[in-house]
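Be aware that the sequence shown starts at 6, since it is given in our numbering, and climbs by one per residue. Idealized CB from N, CA, C, for every residue including glycine. What follows is a single structure, written as structure tokens, with notes after it.
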Amino acid sequence: MTELVHLDVADGVATITLDSEHNRNALSRQLVTELRDHLASAEADADAKVIVLRSAHRVFCSGADLSEAAEGSMQQGAAALIDLQRRLATSAKPVVVVLGGPVRAGGLGLVGAADIVLATRPVTFALTEVRLALAPAVISLSLLPRLAPRAASDLFLTGRKFDAVEAAEIGLVTRVVEDGELESGLQAVLADLAQGYPQGFRETKALLNHDLVERIDRLGDQVAEQSARLFGSDEAREAMLAFLSRKG
């Protein structure tokens, strides 16, 4: 089986790269499992002070793997995405997400759970769940604490696209850089983080993410059940199959 997620540790940085181009890094069972395992390895690696999460290709993440979702229950998939968000938030190491291309639906949960998010100006986002008879239930755990409430209402209900500048204005993205300046922007962030100490990172992240982690622990089971129920509904199955037929 070809690996869909890669881990490389160098110069104090653990870089985790999503590399599932055939489905635009959709959150398949294999990709989520490998991402979880690599996060655990990066967390345990004493040589890594910082974790960087990025894509090998243009699209960062297209959301749930709808071909898998249309085939069966998403209870396990929902629980796995909740676990990923919690792992990112509770990591003792700063997590930097690097975005050079689009992010859709469930992929925004990874963005919301990260500590620092760097995006190029052309990057677009969309919470498209309502257009598939779904709700952004699982990813609301990390997104609602980040987003301005009125912005969340707008974006969750309309499913419209929004750009990196708007994402920064509403609290989803940390820094926006010009196209072509992503690597230099990342190096600037890493240079600042290189001056921190592990104890400082660990204790500061516990302060920053206390409420987010408490929210995940309190609501995780509830939103996982909601997500599974919606994915398993006739209305959602019809919408997903229609979407997949148009895509095909």
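When secondary structure is reduced to three states using DSSP, R63 falls in the coil class, being assigned neither helix nor strand. By DSSP's assignment, K166 forms a beta bridge with A131.
Pairing V18 with L40 gives a Cβ-Cβ distance that is not under 8 Å. With 16 or more other Cβ atoms from the protein chains shown falling within 10 Å of its own Cβ, S33 counts as buried. Ranking L12, A140, L162, S189 by CA distance to the CA of G105 puts S189 first. DSSP, reduced to helix, strand and coil, places T38 within a helical segment of the structure shown. Shortest Cα-Cα distance from L12 to any of L187, V57, L152, V116 involves V57.
Exposure of A49 is indicated by the presence of fewer than 16 other C-beta atoms within 10 angstroms of its C-beta.
Selection R223, H62, T179 evaluated against A119 yields T179 as nearest (Cα-Cα). The Cβ-Cβ distance between L177 and L152 falls below 8 Å.
The residues V57, V101, V103, L123, in chain order, have a CB closer than 8 Å to that of L191 in the same chain once the five nearest residues on each side in sequence are set aside. Looking from the CA of T125, the closest CA among T163, D197, A97, F167 belongs to F167. The C-alpha of E240 lies about 6 Å from the C-alpha of A138.
In terms of CA proximity to L160, A131 leads the group S145, D184, A83, A131. The alpha-carbon of T163 is positioned some 40 Å away from that of G201. Collapsing the DSSP output to three states places T7 in coil.
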